[in-house]
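Asker:
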Amino acid sequence: MDFWPLIKVLPVRTHFRFVRWARLFTPLSVVAIIGSLFLTLSPFKLPCGGLACGIDFQGGTVMDISTAPQRADPAKIHEALRGLGLNETVQTAGAPGAALLRFEAPKGADISATVSRVESALTQAFGTVKFKSTDVVGATVSSELLSKGLLGLGLAILAMLLYIWFRFELQFGLGAVAALFHDVFLTFGLIAIMGRFGKIEFDLKSVAAILTIIGYSMNDTVVVFDRFRENLRKYKRMPLGEVIDMSINEMLTRTIITSMTAVLALVALAFFGGPTLYGLSVIMLFGIAIGTYSSIYIAAPVILLWGVKRADDEPEVIAQPAR
Amino acid sequence: MMTLARWKVVLVLLATLLGLLFTLPNVLPANVTAKLPPFLPKNTLHLGLDLQGGSYLLYSVDTAALQTERLNNTAEDIRSELREKQYAISDLAVANGAVGLRVTDPAQMNEVVNLLRQSVGAALPGAGGGRDMTVTPMPDQRIRVAFVPEAFAAEAAKAVEQNIEVIRRRVDATGAKEINPVRQGKDRIVIEAAGENDPEKLKRLIGQTAKLTFQMVDETASPEDLAAGRVPPGDEVVSSSDGIQPTYLLKRRAQITGEMLTRANAAFDQNTGQPIVEFRMNSLGARRFADVTRQNTGKRFAIVLDKKVISAPVIEGVIPGGSGMIHGHFTQESANELSVLLRAGALPAPMKVEEQRTVGAELGADAVKAGATSAIVGLVATMIFMLLIYGGLFGGISLIALAVNAVMIIGVMSFTQATLTLPGIAGLILTLAVAVDANVLIYERMRDELRAGRTLIAAMDAGFARAWGTIFDANMTHIFSALIMFNLGSGPVKGFAWTLAIGVFTTVFSAVLVTQVLLAWWFKAARPKTLPIGH
Chain H
7 MDFWPLIKVL PVRTHFRFVR WARLFTPLSV VAIIGSLFLT LSPFKLPCGG
57 LACGIDFQGG TVMDISTAPQ RADPAKIHEA LRGLGLNETV QTAGAPGAAL
107 LRFEAPKGAD ISATVSRVES ALTQAFGTVK FKSTDVVGAT VSSELLSKGL
157 LGLGLAILAM LLYIWFRFEL QFGLGAVAAL FHDVFLTFGL IAIMGRFGKI
207 EFDLKSVAAI LTIIGYSMND TVVVFDRFRE NLRKYKRMPL GEVIDMSINE
257 MLTRTIITSM TAVLALVALA FFGGPTLYGL SVIMLFGIAI GTYSSIYIAA
307 PVILLWGVKR ADDEPEVIAQ PAR
Chain G
17 MMTLARWKVV LVLLATLLGL LFTLPNVLPA NVTAKLPPFL PKNTLHLGLD
67 LQGGSYLLYS VDTAALQTER LNNTAEDIRS ELREKQYAIS DLAVANGAVG
117 LRVTDPAQMN EVVNLLRQSV GAALPGAGGG RDMTVTPMPD QRIRVAFVPE
167 AFAAEAAKAV EQNIEVIRRR VDATGAKEIN PVRQGKDRIV IEAAGENDPE
217 KLKRLIGQTA KLTFQMVDET ASPEDLAAGR VPPGDEVVSS SDGIQPTYLL
267 KRRAQITGEM LTRANAAFDQ NTGQPIVEFR MNSLGARRFA DVTRQNTGKR
317 FAIVLDKKVI SAPVIEGVIP GGSGMIHGHF TQESANELSV LLRAGALPAP
367 MKVEEQRTVG AELGADAVKA GATSAIVGLV ATMIFMLLIY GGLFGGISLI
417 ALAVNAVMII GVMSFTQATL TLPGIAGLIL TLAVAVDANV LIYERMRDEL
467 RAGRTLIAAM DAGFARAWGT IFDANMTHIF SALIMFNLGS GPVKGFAWTL
517 AIGVFTTVFS AVLVTQVLLA WWFKAARPKT LPIGH
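If you read the protein sequences in the order shown, they are chains H and G. Our numbering applies: residue 7 is where the first sequence begins, and numbers increase by one. Our numbering applies: residue 17 is where the second sequence begins, and numbers increase by one.
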């Protein structure tokens, strides 16, 4: 017995009773959604509620500086910027001399001139300072980006509903969209929790990650639905729950293999991609996991509850797989 | 499978070849690429600012400031015109987007309104006549002068275009030709400068209005009035950077403006060796300058740049030739910068920065390294995984499809010069990792069909035919998300969306067609009885 290729030793056909567990998992998911919504929204304040707001949506300035070889002493930085009235926060981490500055330009002040003043004040205090990156977002742009971002998420979900409706049936579309909402809300919950630990900010990149998740979650749902629809035509008298179970079991190998390759790539991105890609990849890792889960425990139960049209009067095309 | 259409083989070979051809410049050293025959592609991937370092600046053109400025000028025109014609008025001021005034004598109300109707604003273009400002009599002998909204909107739009023109001239003057100002929306201008190491310098060059005026210093006002904040009508207090006085009281009316300059260049004062800016005026400016200096010998005039006095010399005598020099507190660099600004002209409307993203070249290089490392690790892991699962033959075929896919994505990105950003690299890795999904779908379908009792050939055929619909549907979903992401703005996110979108097409192509061709070749060569991935 050889073990390579592994596909030969993987079970041919599993017979998990997925639908039976829906009674347990679906309510759990509903609780998780409510929890996530609460974490995301509270405190109920614009623009970002409970999420750690990045400057994309809040406006403000983030400067990544290095005072190496000197130590980036936060006290010294505050001292240098005293009098500019910025109310800045300084975060030192990683390499010696590296510091992350955040501030908001005083109301009415020119944001770009404020950056120039900060740069010269720091250069005066430390001698040479390297300004590795500077991001400045004004109030007008940040509110535009926020509304664009939220609108984008809404549009994506709507587009998916319409596409599934068009390609399958309305019930399928509703199931898929329920799964999408589940994924999106839980992802927001993750961003809220990671935000409280200072790990992930809610910004344009997070929105891009969520949009990608919407794509992938949908991808997974479509694959399961596709098999589901096919089996519905094949086994016209089989109870709906059993058809669903059978379809999920048939696609299980594929689901696991595909999720694994995505996970491998995303773990590599999270570890080696640096701070820019960390949030993006963690969000997507989480999204792939719950996207797979939600196809089974959200999308399918909705269809089960709602029922689908089945042309019972037609004879079964293939009662049993041909031998 | 058995009936492998020739066009499929040709298409696969052609796409692979083209992909390789367009990818090649990215891996060849530049001197080798340069020697290639001219018909071969030479474009390498276009790296985003986050990868090569650079600045992204989003300016908004302040059309409100433009309107205020126009209204202020109009108020001054009205003041001098009515004074000349000896009409008594009061309360002349700009407020709420209009000029307001009050005619002292009710009997003169109609005359003044008629006079203003003929003189204020500018004539509208076209045969219809009319002017771009309306004069409305109000109760209590008041008159309101305001812009016709459409006329001002047109003027504002023109100002945005002219701003772009001026920025282009300024940028060209410094030789940074790859910086291209682009209009965005109604009143925004985007500037992307790759590799520019000093964004502050760039902002001084682009964002400075550089409105130059020569105004007379009003030395007649009493110091007590000034201390109490009483500014004589027609005067203004302007702050100064000349190091002599913190502020000056100036006549509002500009005698000479920047548009009258024809030349400006940095030079050195022959006596002190200080950097200065020399200028030369056009004939109108020269005549006016001669008049002003003749009438005001012994008085001071101020050279004002963007509402700041840079120098306020005493006029020592008539200056006839229309040329002169500015002694500010310049360094050689700032004298150079000012002369560039004066040569290119002032921005018709002031601008302010709404968004700035700057990445240093060093950080960009780090990002490239991080992207490359994670790409290699992620892809190698995916490859090993596929080989483990599906074995050398089927796993290998999916890897060849993957390689063709990668080459096609990079080829298309190089050809279209689409911007590759760091999130774009992430999108690329993710696309490739998930591209094997299509192979998995096909293989699993084949196994299913085989298990359902079909012959090997029938199972392979059905695998492709039936997996196709699923693959298509599943990939359409990515197109939707990518399209929406593309509209989010923000360069890096756009780059991510773009790689995802290109990836969808190349994935469907390579996973379906490339896999099919490879499997068909294998089938013809080996004539297998069983599937190596079957049970």
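Idealized CB from N, CA, C, for every residue including glycine. All of these numbers come straight from a predicted model, not from anything done at the bench.
Measuring straight from C-alpha to C-alpha, what distance separates A182 (chain H) and S253 (chain H)?
Answerer: What you label residue 182 (chain H) is simply residue 176 of the first sequence in a count that begins at 1. What you label residue 253 (chain H) is simply residue 247 of the first sequence in a count that begins at 1. Each residue's alpha carbon lies about 16 angstroms from the other.
Asker: Hey, does K154 (chain H) have any beta-carbon neighbour from chain G nearer than 9 angstroms?
Answerer: Here the question's residue 154 (chain H) lines up with position 148 in the first sequence. Yes, K154 (chain H) lies at the interface with chain G (some Cβ there is under 9 angstroms from its Cβ).
Asker: Could you tell me the alpha carbon to alpha carbon distance between A306 (chain H) and L12 (chain H), rounded to whole angstroms?
Answerer: By 1-based counting over the first sequence, the position of residue 306 (chain H) is 300. By 1-based counting over the first sequence, the position of residue 12 (chain H) is 6. The straight-line gap from Cα to Cα measures roughly 29 angstroms.
Asker: From what residue to what residue does the alpha helix (DSSP H) around M125 (chain G) run?
Answerer: Against the second sequence, residue 125 (chain G) aligns to sequence position 109. Segment M125 to S135, the alpha helix (DSSP H) holding M125 (chain G).
Asker: How would you label S256 (chain G), buried or exposed, when you count the other beta carbons within 10 angstroms and need 16 or more for buried?
Answerer: Along the second sequence, one-based indexing puts residue 256 (chain G) at 240. Answer is buried; the Cβ neighbour count reaches 16.
Asker: Using a C-beta to C-beta distance shorter than 8 angstroms, which residues of chain H count as neighbours of N503 (chain G)?
Answerer: The count along the second sequence starts at 1 and reaches residue 503 (chain G) at position 487. Here the neighbours are K154 and G158.
Asker: What's the gap between the Cα of I324 (chain H) and the Cα of K242 (chain H)?
Answerer: As a working note, residue 324 (chain H) is residue 318 in the first sequence. As a working note, residue 242 (chain H) is residue 236 in the first sequence. Caution applies to I324 (chain H), whose pLDDT of 46 falls short of 50 and renders its modelled position unreliable; the value that the coordinates give is listed next. Those two C-alpha atoms are separated by around 9 angstroms.
Asker: Around the Cβ of Q372 (chain G), are there at least 16 other Cβ atoms within 10 angstroms (buried) or fewer (exposed)?
Answerer: Here the question's residue 372 (chain G) lines up with position 356 in the second sequence. By the neighbour-count rule (16 or more Cβ atoms within 10 Å), Q372 (chain G) is buried.
Asker: Nearest to A377 (chain G) by CA position, among G:E166, G:G211 and G:N455, is which residue?
Answerer: Here residue 377 (chain G) refers to the residue found at position 361 when the second sequence is read from its first residue. Ranking G:E166, G:G211 and G:N455 by Cα distance to A377 (chain G) puts G:G211 first.
Asker: Which residues does DSSP list as the beta-bridge partners of M154 (chain G)?
Answerer: Counting from one through the second sequence, the residue named residue 154 (chain G) turns up at place 138. Note: M154 (chain G) sits in a beta bridge opposite G:R158.
Asker: Just to confirm, are P45 (chain G) and T60 (chain G) a CB contact at a threshold of 9 angstroms?
Answerer: Residue 45 (chain G) sits at position 29 when you count from the first residue of the second sequence. Residue 60 (chain G) sits at position 44 when you count from the first residue of the second sequence. It is not a contact, given that the beta carbons lie outside the stated cut-off.
Asker: In its own chain, which residues sit with a C-beta less than 6 angstroms from the C-beta of A312 (chain H), not counting the 5 before and 5 after it?
Answerer: Counting from 1 along the first sequence, the entry for residue 312 (chain H) is found at position 306. A small fix is needed here, since residue 312 (chain H) is Trp in this sequence, not Ala. Around W312 (chain H): Q177.
Asker: Please decide whether M252 (chain H) counts as near chain G, where near means a Cβ-Cβ distance under 9 angstroms.
Answerer: Taking the first residue of the first sequence as position 1, residue 252 (chain H) is located at position 246. Answer no: the Cβ-Cβ gap between M252 (chain H) and chain G never drops below 9 angstroms.
Asker: Just to check my reading of the structure: L286 (chain H) and V269 (chain H) have Cβ atoms closer than 8 angstroms, yes? What is that Cβ distance to the nearest angstrom?
Answerer: Here residue 286 (chain H) refers to the residue found at position 280 when the first sequence is read from its first residue. Here residue 269 (chain H) refers to the residue found at position 263 when the first sequence is read from its first residue. The Cβ separation is near 15 angstroms, so there is no contact.
Asker: For S339 (chain G), list the residues DSSP reports as bridge partners.
Answerer: On the second sequence, residue 339 (chain G) is found 323 positions in, with the first residue counted as 1. G:R296.
Asker: Below 7 angstroms between beta carbons is the criterion; list the residues of the stretch 199 to 212 of chain H that meet it against any residue of chain G, in chain order.
Answerer: Result list: L210 and K211.
Asker: Does any CB atom of chain G fall closer than 9 angstroms to the CB of I220 (chain H)?
Answerer: If you number the first sequence from 1, residue 220 (chain H) lands on position 214. I220 (chain H) counts as touching chain G.
Asker: Which same chain residues end up closer than 6 angstroms to V423 (chain G) when comparing Cβ atoms and leaving out the 5 residues on each side of it in sequence?
Answerer: On the second sequence, position 407 is the one that residue 423 (chain G) refers to. Excluding residues within five positions, the ones whose Cβ falls inside 6 angstroms are G35, L36 and T39.
Asker: Do V253 (chain G) and Y264 (chain G) have their CB atoms nearer than 9 angstroms?
Answerer: One-based indexing of the second sequence puts residue 253 (chain G) at position 237. One-based indexing of the second sequence puts residue 264 (chain G) at position 248. Yes.
Asker: What residues from the stretch 359 to 390 of chain G come within 8 angstroms of chain H, judged by C-beta to C-beta, listed N to C?
Answerer: For the stretch 359 to 390 of chain G, which is checked against every Cβ of chain H, the residues closer than 8 angstroms are K368, V369, E370, E371, Q372, R373, T374, V375, G376, E378, L379, D382, A383, A386, G387, T389 and S390.
Asker: Can you tell me which of the three DSSP states D188 (chain G) falls into?
Answerer: The residue you call residue 188 (chain G) lines up with position 172 of the second sequence. Helix, per DSSP.
Asker: What alpha helix (DSSP H) runs, 4 residues minimum, are completely inside the stretch 28 to 83 of chain H?
Answerer: The qualifying runs are 61 to 64.
Asker: Starting from Q68 (chain G) and walking both ways along the beta strand (DSSP E), at which residues does that stretch end?
Answerer: Sequence index remark: in the second sequence, residue 68 (chain G) carries index 52 (1-based). No beta strand (DSSP E) contains Q68 (chain G), which is instead part of the alpha helix (DSSP H) from L65 to Q68.
Asker: Decide if A231 (chain H) is buried, meaning its Cβ has at least 16 other Cβ atoms within 10 Å, or exposed.
Answerer: Mapped onto the first sequence, residue 231 (chain H) falls at position 225. Checking the sequence, you will find Phe at residue 231 (chain H) rather than Ala. Per the 10 Å Cβ criterion, buried.
Asker: Within the stretch 69 to 106 of chain G, note down every full beta strand (DSSP E) run reaching 3 residues or more, in order along the chain.
Answerer: Segments of the beta strand (DSSP E) lying fully in the stretch 69 to 106 of chain G: 70 to 77.
Asker: Measure from the alpha carbon of E127 (chain G) to the alpha carbon of each residue in G:I159, G:V110 and G:L140, then state which is nearest.
Answerer: Here residue 127 (chain G) corresponds to residue number 111 of the second sequence, with the count starting at 1. For E127 (chain G), the nearest C-alpha among the options comes from G:I159.
Asker: Mind checking which residues open and close the alpha helix (DSSP H) that includes T273 (chain G)?
Answerer: In the second sequence, residue 273 (chain G) corresponds to position 257, counting from 1. T273 (chain G) -> not in any alpha helix (DSSP H); beta strand (DSSP E) instead, spanning T263 to T273.
Asker: For K324 (chain G), write down the residues that DSSP places opposite it in a beta bridge.
Answerer: Walking along the second sequence from the start, residue 324 (chain G) turns up at place 308. For K324 (chain G), which the question treats as bridged, DSSP gives the partners G:S255 and G:L321.
Asker: Using alpha carbons as the reference points, say which of G:A81, G:R133, G:A123 and G:R359 lies closest to A111 (chain G).
Answerer: One-based indexing of the second sequence puts residue 111 (chain G) at position 95. Closest option to A111 (chain G), Cα to Cα, is G:A81.
Asker: Thinking C-alpha only, which one of H:R239, H:G293, H:E110 and H:Q97 is nearest A143 (chain H)?
Answerer: As a working mapping, residue 143 (chain H) is identified with position 137 in the first sequence. Position check: residue 143 (chain H) holds Val in this sequence, whereas Ala was assumed. Nearest C-alpha to V143 (chain H): H:E110.
Asker: Under 7 angstroms, CB to CB, which of the residues in the stretch 97 to 109 of chain H have a partner in chain G?
Answerer: Listed in sequence order: no entries.
Asker: Helix, strand or coil for K545 (chain G) per DSSP?
Answerer: Position 529 of the second sequence, counted from the first residue, corresponds to residue 545 (chain G). Three-state result, K545 (chain G): coil.
Asker: With a Cβ-Cβ cutoff of 9 angstroms, do A407 (chain G) and I549 (chain G) count as a contact?
Answerer: Residue mapping note: residue 407 (chain G) aligns to position 391 of the second sequence, counting from 1. Residue mapping note: residue 549 (chain G) aligns to position 533 of the second sequence, counting from 1. According to the sequence displayed, residue 407 (chain G) carries Gly and not Ala. A contact, by the Cβ cut-off of 9 angstroms.
Asker: Since I believe L107 (chain H) is in contact with E94 (chain H) (beta carbons under 8 angstroms), could you give me their beta-carbon distance rounded to a whole number of angstroms?
Answerer: Counting from 1 along the first sequence, the entry for residue 94 (chain H) is found at position 88. Counting from 1 along the first sequence, the entry for residue 107 (chain H) is found at position 101. Right, their Cβ atoms sit about 6 angstroms apart.
Asker: Please list the terminal residues of the continuous beta strand (DSSP E) segment that includes G563 (chain G).
Answerer: This structure does not reach residue 563 (chain G), given that chain G is present from 17 up to 551, and the question cannot be answered.
Asker: Using only CA atoms, which one of G:V520, G:G469, G:N491 and G:V528 lies nearest to T546 (chain G)?
Answerer: Position 530 of the second sequence, counted from the first residue, corresponds to residue 546 (chain G). It is G:G469 whose Cα lies nearest to the Cα of T546 (chain G).
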